[in-house]
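Report on one structure; see the data block that follows.
Protein chains in written order, with my numbering: chain C, 1 to 135; chain E, 1 to 135.
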């Protein structure tokens with residue numbers, strides 16, 4: 001967070017708020033009717049940091065569901081899924097299963113994936129909201 | 001072929017040559033050193049036509065390999081893979097396995113896929129040539 005703050009300041013951004021908390025608690029910083037136009041998830045561990053600290057399937061799904069509820073029509077979330085690390089595989093499977101089960105009337109889920117590369121390159125998943133409804 | 005010819009003529013295109021032959025024979029209409037900048041494969045059956053007449057894994061792979069040999073560096077082929085029809089599944093698996101095995105030094109293979117839709121929507125596969133070599 002401190003590094004990010006520094007880089008934002010250096011780059012002159014003033015319209016950014018940083019929160020140091022698990023993404024599953026995103027609802028605590030959103031008003032009930034607050035609309036979100038875009039979100040990006042970068043799953044897995046923080047590069048050059050402790051590889052044992054990774055995002056987890058259950059908290060990631062809570063975060064994605066919360067964001068989807070606040071997402072405006074025609075807008076999307078982007079999820080970068082890493083699965084080179086043992087702990088990440090369960091999360092990858094849970095997130096893809098969740099996306100596959102989204103009702104196609106309400107959402108379009110797309111994956112974008114390099115298939116001939118070593119070292120398990122990330123899968124890019126986007127979910128676009130087509131209309132409000134259950135998810 | 002006749003329908004296509006008619007549509008091209010109506011649209012005023014004169015720089016198109018049509019060939020009525022299996023795509024595995026594409027080498028017969030290419031000079032040995034002829035370069036190709038782009039190719040599109042639309043696999044499966046012809047809509048509104050006989051669904052038993054479909055492209056086949058073995059001939060499709062021959063066609064893809066031929067095109068890759070002629071493809072110029074930095075350019076790509078796009079393959080639209082359908083797999084809603086029984087006969088198409090073997091072809092889908094063969095084409096994806098072929099693409100996954102392409103050496104990443106020479107090619108980048110990418111898939112682009114809707115994952116939450118009914119009726120097995122097609123997978124878009126692109127293969128970009130990075131440098132010449134075996135494939």
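Using N, Cα and C, we set each Cβ at its ideal position, and we do this for glycine too.
Keep in mind it's a predicted model, so treat the numbers as computed, not measured.
Where residue i falls: helix, strand or coil (DSSP)
i              : result
residue 8(C)   : helix
residue 110(C) : strand
residue 14(C)  : coil
residue 102(C) : coil
Contacting residues, own chain, Cβ-Cβ under 7 Å from residue i (five flanking each side not counted)
i             : result
residue 9(E)  : none
residue 94(C) : 57 and 61
Buried versus exposed call for residue i [16 or more other C-beta atoms within 10 Å across all chains shown]
i              : result
residue 32(C)  : exposed
residue 118(C) : exposed
residue 68(C)  : buried
residue 48(C)  : exposed
residue 102(C) : buried
residue 55(C)  : buried
Contact set for residue i: own chain, Cβ-Cβ below 6 Å, skip 5 residues either direction
i              : result
residue 92(E)  : 81 and 83
residue 113(E) : 123
residue 40(E)  : 78
residue 63(E)  : 23, 24 and 26
Chain D contact for residue i (CB, 8 Å cutoff)
i              : result
residue 103(C) : The structure shown contains no chain D; the protein chains it does contain are C and E.
Cut-off 8 Å between Cβ atoms - residues of its own chain near residue i, not counting five sequence neighbours on either side
i             : result
residue 30(C) : 36, 66 and 70
Give me the subset of the stretch 98-119 of chain C whose CB atoms are less than 8 Å from a CB atom of chain E, sorted by chain position.
Those residues of the stretch 98-119 of chain C that come within reach of chain E (Cβ to Cβ, closer than 8 Å) are 99, 100, 101, 102, 103, 104, 107, 108, 109, 110, 111, 112, 113, 114, 115, 116, 117 and 118.
Using a Cβ cut-off of 9 Å, which residues of the stretch 58-78 of chain C contact any Cβ in chain E, in chain order?
Within the stretch 58-78 of chain C, no residue qualifies.
Quick check on the DSSP output: what are the complete beta strand (DSSP E) runs of length 3 or more inside the stretch 27-93 of chain C, in order along the chain?
Within the stretch 27-93 of chain C, the complete beta strand (DSSP E) runs of at least 3 residues are 36-42 and 71-81.
Residues in the stretch 81-98 of chain E having any Cβ partner in chain C nearer than 9 Å:
In summary, the residues of the stretch 81-98 of chain E whose CB is separated from some CB of chain C by less than 9 Å are 96, in the order they occur in the chain.
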